Each structure stands twice: as structure tokens, then as C-alpha cells.
């Protein structure tokens with residue numbers, strides 16, 4: 025279980041302190057970016073329709089970011105985010121369209137299925153002791169196959185008027201599905217901050233051995249993290265079905281990379297033990313802004329990937345530089361300072 | 090001061106536990122032998138289920154061609170796995186190299202092999218850059234290569250949009266078509282010619298395997314790479330320039346990814362932005378099934394070939410039996426998990442046996 029932690033950087037506590045300023049920076053970048061875009065669009069971005077559109081298509085990125093964040097918190101990774109989301113989307117839509125299952129029941133089944141599959145990931149990781157990366161790579165492949173099998177080449181329209189209404193409903197131009205995403209984010213933040221199980225999960229991620237010695241079951245934390253991830257992905261899948269006119273076999277195919285981008289830009293330590301829900305939400309918003317800017321200036325869609333990649337690289341490099349600088353200033357008194365800044369010494373621990 | 094040393098001892102204990110039965114059984118060799126047996130059984134049973142499986146032209150030739158390409162992809166991943174890193178951008182590095190080759194053929198009218206060398210150099214450069222970012226910042230290779238994947242995904246598509254009308258470089262330098270179609274039957278040493286079932290592209294794979302195998306088993310640099318992977322602190326204390334080794338491993342990964350991109354482009358007949366988009370999963374499957382450790386320090390070149398062969402034989406066999414693409418993924422994923430679980434079961438069993446016999 026701890027093998028992943030082996031080649032990840034240490035210093036969770038330091039990063040957490042840094043995370044507070046990260047959230048501030050991200051919020052500032054988001055606001056400035058949005059204002060600049062809005063000003064350049066002569067205010068058309070501030071109209072009700074536009075705001076609704078922005079927030080509607082922000083829900084899924086936030087949710088998949090959170091689904092990845094909760095496993096990152098436990099020092100794991102979930103490569104099956106996109107495949108599970110895609111499978112659950114077509115599964116839910118097919119339940120309603122092909123089998124006439126009423127929407128609330130179909131949603132319930134989807135949430136249950138997501139939870140069970142997530143728990144399955146966690147149990148596989150714990151029981152087989154295979155690296156979580158490889159386990160979720162395997163389940164990702166299986167789920168992709170299942171998604172293709174359910175969807176085939178067709179586009180499934182859930183055909184539920186109630187669900188479509190739910191997907192397009194909004195209160196004061198804030199879509200309900202965006203509120204769903206915020207509620208999940210709030211719940212997750214509360215869980216990780218105030219609930220004992222959440223604290224244990226973070227402890228397992230931050231330092232598995234210390235957690236084990238203090239009587240925490242790392243196995244339980246891992247299973248819990250993967251289970252929560254599955255549940256959140258199920259919510260994302262339901263949101264996707266509700267907000268899209270139809271789902272097909274390609275849905276979820278482009279979820280994996282953004283799911284990592286949001287928590288990482290938001291300040292999560294990949295070593296586990298330190299995450300920022302708020303940071304991830306802001307980061308998802310910034311990624312959305314990049315997409316908006318692309319649409320506004322009718323640029324090639326490839327610019328989005330390029331920019332997001334560059335932002336992630338920039339974020340990790342700047343974060344590291346700040347961290348090194350902090351360490352240096354803290355250790356400046358003894359003359360070991362020059363030694364301690366050699367980052368390659370610390371990288372593998 | 091608490092986290093790193095504690096964690097390290099944990100890992101050491103774990104690896105010591107694992108090392109004990111290894112000396113007894115040599116599971117690395119057992120695993121490769123097991124793979125070989127499974128492949129043989131599968132080939133025989135697929136062959137008896139459908140005689141088309143033995144068709145040299147229609148089945149064996151394309152099968153070996155796919156294996157050739159994906160084995161090189163596996164080696165590209167193996168290069169970074171040896172130091173305990175990952176390269177999620179392996180496919181996109183292949184795309185970048187292939188793009189440079191296509192650009193070179195179209196704009197500079199370079200001959201086939203000059204373009205190949207140029208592309209490999211670009212692959213090495215992007216790999217080295219990735220390695221440099223990782224070693225200079227100390228950030229996890231997963232994050233850096235993931236971000237690199239994003240960057241290259243965007244960059245490659247933009248360049249194709251800029252320079253081509255149909256999102257593909259279709260200019261074919263002399264010799265490219267021959268390379269695609271020719272088999273070893275066209276390579277003769279005097280009166281003895283090779284098998285028509287083995288594509289010429291396989292020679293690239295053999296060269297890559299020999300080079301990588303030689304690097305890790307015979308050279309000092311290779312040993313140092315493995316030590317960096319198994320215990321970077323010890324490597325550093327023994328005076329190994331770990332930063333340079335990290336950069337070197339990623340540069341090697343980028344080069345091999347570029348070679349795989351070239352081979353795929355030759356097979357497909359054109360250079361497109363989608364080259365390499367399917368490389369990520371196979372790149373891990375081959376080495377991991379073959380016994381290369383994700384945590385670094387142990388690699389198997391032959392195992393990578395066997396692991397790749399196994400997945401491709403299953404893929405080809407199931408396709409012949411009429412299993413659709415959709416179900417194929419289900420089986421492949423299940424087999425991956427099963428194969429890796431058996432390794433774990435074997436370790437548990439041998440540990441138990443060792444304990445009772447003591």
C-alpha cells in the first residue's frame with residue numbers, strides 16, 4: 025500500500041500551509057480572468073444565459089476533480105474516473121430509455137453501482153496489494169468495455185422529461201446541477217476536516233506507517249477513499265445524463281486528465297495527506313475559463329489542452345520553488361542551508 | 090523530520106520480505122516461463138478453434154507487427170519504470186516524434202532514415218526536458234508527465250492544423266512502403282531467406298531490445314539506473330549523479346516512444362496526430378506482466394516482449410473468434426488483474442510455506 029508513497033515528495037504539512045495561499049491565488053486568477061473575458065465580450069458573458077451555461081458545464085469538472093481528490097488524499101490514484109463515469113452515464117440512460125425504469129430509481133441504482141464499483145477498486149487494492157495505479161488501470165479497461173457493450177454505436181437519450189427538467193432548472197441563474205456539485209464539495213470538505221473517518225483517511229495518506237501505529241486501519245481508509253470516489257463519479261454521471269441531450273460510448277473519455285488537473289492545480293499533494301477541496305473547485309473554474317476564452321476567440325480546441333498542461337507544469341514548478349525557498353529560510357541559521365536545498369536529495373523519499 | 094525516514098524503513102522491510110522467496114524460486118524467471126506457457130497454450134487453442142489463426146499473411150504477420158510496435162512502447166515505459174518513475178506522456182511523445190518526422194519528410198524532403206533520426210532526437214529532447222523538470226523540482230513523475238501529455242496533445246494538434254489540410258502528413262519518402270509490406274522473406278543471407286510471416290519492422294524491435302537489454306545488464310549506467318530505482322538515497326551516497334540518471338532514463342523513454350511512433354506511422358502509411366493515443370495502457374501492460382516493477386529497480390526486457398505478446402495474442406485470438414471490440418477490453422482488463430493477483434497469491438503462499446518449514 026505504501027509503495028506509491030515511496031517516490032512521492034514529502035512535506036505534506038508544508039504544502040498544506042502553502043495551500044491556503046494557493047486558494048487565494050487561484051481565486052484571484054479566476055476572478056481577474058473572468059472579469060477580463062467579460063469585459064472583452066462587452067458584457068455578453070454576464071447575461072443570464074451565459075452564466076447558466078458556464079456553471080452548468082462546470083459541474084462535471086468539479087465532481088470528477090473531487091472524485092480524484094478523495095483518492096489522492098489517501099495517497100492513491102484512480103485511473104478509472106473517466107471509464108466509470110462513462111459507464112455509469114450510459115448505464116443510467118439505458119436503464120431509463122430501454123427498460124423504462126423511472127428516473128429516481130435509475131439514479132438510485134447508478135449511485136449504488138458507483139459506490140459498489142468504487143469499493144471493489146479499494147478492496148482489490150487492499151487484498152491483492154497491487155499498486156492502485158495498476159488496479160484502476162485494469163478496472164478502467166474493463167469498464168470501458170462494459171460502456172461500449174451497453175452503448176454500442178448509438179446515442180442514448182434517457183427520455184426522462186423530469187430528469188431533463190432537473191438538468192436545465194436554475195435558481196437565480198444558478199443551475200441546480202451546479203448546486204449539486206457545490207453540495208458534494210461542501211460535504212467532502214466537511215468530511216475531510218471534521219469527521220473522524222475523514223481525518224483517518226488523510227492520516228493514512230500522509231504517513232501510512234504512523235497512521236498504522238496510531239491504530240488506524242490503512243486498509244479501511246483506502247477502501248473508504250475508493251468508495252467515496254465511486255460515489256462522487258456516480259453523481260457526476262447522473263449530472264452528465266441530466267445536462268446532456270444524449271450520452272454515447274465516448275462520454276467520459278476526456279475526464280481522466282481534467283480529474284487530475286483540478287486537485288493538482290488546487291494544491292493537493294500527490295503524496296497524500298493534504299488536499300484542498302476549495303482549491304480544486306477554483307482550479308476547475310479556471311480550466312473552464314480557458315475553455316470559455318477559446319470559444320470567445322474561436323481558437324483551435326487544442327489550445328485548451330496546451331494551456332492546461334502548461335498551467336499544471338507551471339503550478340508544480342512554482343509550488344516547488346516556493347517550498348524550497350521556505351525550507352531554505354527556515355534552515356538558514358545553521359550552515360547546512362546549502363545542502364538542504366538540493367531538491368534531488370529529497371525527491372524520492 | 091518524521092515522514093521520510095519512517096516511510097523508507099517500511100519499504101525496506103517490505104522489499105526484504107519479498108526478497109526472501111525470490112531467492113528461493115527466482116520468480117522473475119518463473120514468471121517469464123509461465124508467460125511463455127500461457128502464450129503457447131493460447132496459440133494452440135486459438136489455432137484449433139480457428140485455423141485462420143495460423144494464416145501467415147492475414148493473422149501472424151499483422152500480429153507480429155503489432156507486437157513489434159507495442160513492445161517498443163513497453164520498453165519506453167520500462168526505461169522510466171527502472172528508476173521508479175512513470176511516463177504518462179509516452180503516447181504523446183510518440184506523436185511528437187512522428188509529427189517531426191512527417192514535417193521533415195514534407196517540408197525538408199529528408200530521406201527516410203534521416204527523418205527517423207531527427208524524430209528520435211526530438212523524442213530524446215522532450216524526454217530529457219521532462220526528466221529535467223522532474224529532477225530539478227522533485228515533483229512526482231506522474232504529475233509532470235501528465236501535464237506534459239496535455240501540453241503535447243495540444244501542441245501536436247496545433248502543428249498538424251497549421252501544416253496540413255487533412256490532419257496528416259501523407260508524403261512518403263522512398264522505402265517507407267517497402268518497410269511496411271516487406272517481411273523477413275525479403276531479407277536473404279545467401280540462399281537462406283527469413284520467414285514471410287515476420288515483418289521487417291520486427292528488426293527495429295530486436296535492435297531496441299538488444300540495446301536496452303545490453304544497457305541494463307552489461308553497462309555501469311544501466312546498473313546505476315536500477316540502483317536509482319531501488320534506493321535513490323543509497324545511489325546518491327554512492328556518488329551516482331541521480332539527477333543526470335533521471336534525465337537519461339526519461340530521454341531514453343522519449344527516444345523509444347519516438348521509434349514506436351515511427352513504426353506505427355510506417356504501418357499506417359501516414360503521420361497523424363492520433364499516433365500514440367492508444368499507447369498508454371499497453372505501455373504498462375507489457376512490462377508489468379513481464380515482471381518489471383512499478384516501484385523501480387527491476388526490469389525485464391524479454392518479459393516485456395512476452396507480456397506484450399500475451400496481450401496481443403489474446404486480442405487477436407478473441408477478434409478471430411468473433412468477440413467484439415467492446416468485450417475485448419473487458420477480458421483484457423480482467424486478465425491483467427488476474428495475472429497480477431496470481432503473482433501476489435504466489436508470494437503469499439511461498440511466504441507461508443517458508444514460515445511453516447522453519
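Residue numbers (our numbering), protein chains in the order written: chain F, 25 to 373; chain X, 90 to 447.
Even for Gly, the Cβ is constructed at its ideal location relative to N, Cα and C.
Just so it is clear, the structure is predicted and the values come from calculations on it, not from any experiment.
- Query: Which same chain residues, not among the five before or five after residue 111 of chain X, have their C-beta less than 6 Å away from its C-beta?
  - Reply: Here the model assigns residue 111 of chain X a pLDDT of 42, short of 50, so the residue's position is not dependable, and the following value carries that caveat. Taken in chain order, the list of residues that qualify is empty.
- Would the stretch 163 to 172 of chain X and the stretch 330 to 345 of chain X be scored as touching if the rule is three or more Cβ pairs under 8 Å? yes
- CB of residue 361 of chain X within 8 Å of CB of residue 203 of chain X, strictly: no
- Could you tell me the boundaries of the alpha helix (DSSP H) in which residue 307 of chain X lies? 290 to 307
- Task: Count the other C-beta atoms from every protein chain shown that fall within 10 angstroms of the C-beta of residue 272 of chain X, then say buried if there are 16 or more, exposed otherwise.
- Result: buried
- Burial state of residue 437 of chain X (16 or more Cβ within 10 Å): exposed
- Using the rule of at least 16 other Cβ atoms within 10 Å of the residue's Cβ for burial, across every protein chain shown, is residue 66 of chain F buried or exposed? exposed
- Message: For a test of the three-state rule: what should DSSP assign to residue 257 of chain X, helix, strand or coil?
- Response: strand
- From the DSSP output, read off the bridge partner residues of residue 215 of chain F. Answer is none; residue 215 of chain F lacks a bridge partner.
- Where the stretch 349 to 368 of chain X meets chain F: residues whose CB sits under 7 Å from a CB there: none
- Query: Which chain X residues sit within Cβ distance under 8 Å of residue 383 of chain F?
  - Reply: The displayed coordinates of chain F run from 25 to 373. Any statement about residue 383 of chain F would go beyond what the structure contains.
- Message: Which residues in chain F have a C-beta closer than 7 Å to the C-beta of residue 423 of chain X? List them in chain order.
- Response: 166
- Item | Neighbour flag for residue 180 of chain F against chain X, beta carbons, 8 Å | no
- Query: For the alpha helix (DSSP H) that residue 91 of chain F lies in, which residues bound it at each end?
  - Reply: 72 to 97
- Query: For residue 278 of chain F, does the count of other Cβ atoms within 10 angstroms reach 16, so buried, or fall short, so exposed?
  - Reply: exposed
- On a CA-only basis, which of F:271, F:226 and F:105 is nearest residue 86 of chain F? Give me that one, please. F:105
- Task: Pull up the DSSP beta-bridge partners for residue 272 of chain X, would you.
- Result: X:288
- Query: According to the neighbour-count rule (16 or more other Cβ atoms, all chains shown, within 10 Å of its Cβ), is residue 321 of chain F buried or exposed?
  - Reply: exposed
- Under 8 Å from the C-beta of residue 250 of chain X: neighbouring residues of chain F: 324 and 326
- Item | Partner residues on chain X for residue 262 of chain F, Cβ-Cβ distance less than 8 Å | The premise fails here: residue 262 of chain F is roughly 23 Å from chain X at the closest Cβ pair, so nothing lies under 8 Å.
- Query: Skipping 5 residues on each side, what residues in its chain have a beta carbon closer than 7 Å to that of residue 175 of chain F?
  - Reply: 114, 272 and 273
- If I'm right that residue 165 of chain F touches residue 102 of chain F with Cβ under 8 Å, what's the distance once you round it to whole angstroms? Rounded, the Cβ-Cβ distance is 14 Å, inconsistent with contact.
- Query: Can you tell which of X:139, X:227, X:321 and X:157 has the C-alpha that lies nearest to the C-alpha of residue 384 of chain X?
  - Reply: X:321
- Query: If you measure from the beta carbon of residue 237 of chain X to each beta carbon in chain F, is any gap under 8 Å?
  - Reply: yes
- Could you work out which residue in F:209, F:266, F:317 and F:251 is closest to residue 287 of chain F when comparing CA atoms only? F:209
- Message: Quick check: is the beta carbon of residue 142 of chain X nearer than 8 Å to any beta carbon in chain A?
- Response: In summary, chain A is missing from the structure at hand, where the protein chains are F and X.
- Query: What are the start and end residues of the alpha helix (DSSP H) that includes residue 196 of chain X?
  - Reply: Note, residue 196 of chain X: premise wrong, no alpha helix (DSSP H); not H, not E.
- Sequence-distant residues of its chain with Cβ nearer than 7 Å to residue 319 of chain X (five each side left out): 385 and 386
- Task: Taking only beta carbons into account, state which residues of the stretch 199 to 229 of chain X come closer than 9 Å to chain F, listed in chain order.
- Result: 222, 223, 224, 225, 226, 227, 228 and 229
- Query: Would a C-beta distance cut-off of 8 Å place residue 169 of chain F and residue 382 of chain X closer than the cut-off?
  - Reply: no
- For residue 350 of chain X and residue 165 of chain X, the rounded distance between their alpha carbons: 11 Å
- Query: Would a C-beta distance cut-off of 8 Å place residue 130 of chain F and residue 120 of chain F closer than the cut-off?
  - Reply: yes
- Using only alpha-carbon positions, find the residue among X:380, X:260, X:294 and X:206 that is nearest to residue 198 of chain X. X:260
- Message: So with CB distances below 8 Å, who are the chain F contacts of residue 156 of chain X?
- Response: Near residue 156 of chain X there are no residues of chain F at all, since even the closest Cβ is about 18 Å away, more than 8 Å.
- Buried/exposed call for residue 206 of chain X, threshold 16 Cβ in 10 Å: exposed
- Message: Using the Cβ count rule (16 or more neighbours within 10 Å means buried), how would you classify residue 345 of chain F?
- Response: exposed
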